[in-house]
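Engineer:
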DNA sequence: TATAAATGCTGTAGCAGCTACAGGGTCAAG
DNA sequence: CTTGACCCTGTAGCTGCTACAGCATTTATA
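Chains as they are written, first to last, in our numbering: chain A, -13 to 121; chain L, -13 to 121.
1) Give the secondary structure of residue 23 of chain L by DSSP, where H, G and I count as helix, E and B as strand, and everything else as coil.
2) Report buried or exposed for residue 77 of chain L, applying the criterion of at least 16 other Cβ atoms within 10 angstroms of its Cβ.
3) On the DSSP letters alone, give me the boundaries of the alpha helix (DSSP H) that residue 0 of chain L sits inside.
4) Residues of chain A with CB closer than 7 Å to the CB of residue 92 of chain L, please, in chain order.
5) Could you name each continuous alpha helix (DSSP H) segment of 4 residues or more that falls completely within the stretch 17 to 62 of chain A, going from the start of the chain to the end?
6) In chain L, what lies closer than 7 Å to residue 78 of chain A by C-beta?
7) Please state the DSSP three-state secondary structure of residue 82 of chain A.
8) How big is the Cα-Cα spacing for residue -12 of chain L and residue 33 of chain L?
9) Would residue 12 of chain A be called buried (16 or more neighbouring beta carbons within 10 Å of its own) or exposed?
10) Are the C-beta of residue 10 of chain L and some C-beta of chain A separated by less than 8 Å?
11) Quick one: which chain A residues come within Cβ less than 7 Å of residue 108 of chain L?
12) Are there 16 or more other CB atoms within 10 angstroms of the CB of residue 114 of chain L, so buried, or fewer, so exposed?
13) Would you call residue 29 of chain L buried or exposed, if buried means 16 or more other Cβ atoms sit within 10 Å of its Cβ?
14) Suppose you measure from the CA of residue 51 of chain A to the CA of residue 65 of chain L; what does that come to, to the nearest Å?
15) From this set, A:70, A:121, A:120, which residue's C-alpha is nearest residue 108 of chain L's C-alpha?
16) Report buried or exposed for residue 3 of chain A, applying the criterion of at least 16 other Cβ atoms within 10 angstroms of its Cβ.
17) Which residue wins for smallest C-alpha separation from residue 102 of chain L, given the options A:49, A:89, A:101?
18) Give the residues of chain A in contact with residue 58 of chain L, contact being defined as C-beta atoms less than 9 Å apart.
19) Run through DSSP, which three-state label would residue 105 of chain A get?
20) Could you pull out every residue in the same chain whose Cβ sits closer than 6 Å to the Cβ of residue 73 of chain A, ignoring the five residues on either side in sequence?
21) Quick check: what's the CA-CA separation for residue 36 of chain A versus residue 16 of chain A?
22) Are the C-beta atoms of residue 38 of chain L and some chain A residue less than 8 Å apart?
23) Could you check what DSSP says for residue 111 of chain A in three-state terms: helix, strand or coil?
24) Mark residue 127 of chain L as exposed unless 16 or more other C-beta atoms lie within 10 angstroms of its C-beta, in which case mark it buried.
25) Give me the residue from L:38, L:31, L:81 with the minimum Cα distance to residue 55 of chain L.
Right under this line is the structure:
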């Protein structure tokens, strides 16, 4: 039953996972994916497993997880013993971070909107935005 | 009328502007603030003008402007001729960026919230979050 | 005035999370 | 067997700081 596993080049994996090929190498150095076996000439030969890993990582990145957090997620998903609670907790912490960021950005949005509005209504030579920033 | 201008040390300026003292040096190298004159021993002697500049920069940073954008804002505020329109436009572009970021973060927030909810309602041994990220 | 503590100086390295080279080598199609 | 497309490594760059090391200077205290 020794099945010859299909392998993929970096470019192929990059395309199918939507992860930049340089980034794939970076993730390997970072320790997020297993180092693939090499061809006689030293080229990396990725497997389906790598494709799955990279997809996992891309999805996690899209949800704003840091590489460090993703490392933890991967470790936890390997554990499988009572890890779900920890995954949940990690996600919950991350969610709080996101909420904080949204709050901060909304504050910026509000202030900027007001400043621009004042600018539009402006008749004096001075710029209200510069004034606000300087005051 | 040669008034001896009051000067401040880096630590003093850092304290009064709420900008880290190392950051002040960084801003100088970056070209955001004018290089202050030096004491005989080579120590920087900041003026009130520097304090105002740094406050301007801090405020702008709090509104999420990049250092590059702030450089433009400073250039425009020095111009004073029909610069208000340009300041307004720069701010409007920046506002769009912020809105995009908020949108992205809200999407993350929504997905994460749903995932965590599923986790809480979970009875199977598998972790729904890991499942979603892997799928 | 002498000394010590506090601050300042420069340059450089580190953080995240990539991306983009240079200067080679390899692989697959024709 | 050549050509072109890809891959290899290591390193530097990006943003916006922050944190050293290894000194010099300034300021406060005795």
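Ideal Cβ placement from N, Cα and C applies to all residues, glycine included.
The structure presented is a predicted model; accordingly, all values stated were derived computationally and were not measured.
Structural biologist: The relevant details are as follows:
1) strand
2) buried
3) Start and end: -4 to 3.
4) 88
5) 34 to 48
6) By Cβ distance, chain L contributes 102.
7) helix
8) Confidence at residue -12 of chain L is low in this model, with a pLDDT of 43, below 50, so its placement is unreliable and no value can be given for it.
9) So residue 12 of chain A counts as exposed.
10) no
11) Going along chain A in sequence order, the residues near residue 108 of chain L (Cβ under 7 Å) are 70.
12) Residue 114 of chain L should be labelled buried.
13) exposed
14) 43 Å
15) A:70
16) buried
17) A:49
18) None at all; the shortest Cβ gap to chain A is about 12 Å.
19) In the structure shown, residue 105 of chain A adopts helical secondary structure according to DSSP, grouped into three states.
20) Around residue 73 of chain A, the same chain offers 62 as residues with beta carbons nearer than 6 Å, after the five sequence neighbours per side are excluded.
21) 15 Å
22) Cβ-Cβ to chain A under 8 Å: yes for residue 38 of chain L.
23) coil
24) A query on residue 127 of chain L cannot be resolved here, the shown segment of chain L reaching from -13 to 121 and no further.
25) By alpha-carbon distance to residue 55 of chain L, the top candidate from L:38, L:31, L:81 is L:81.
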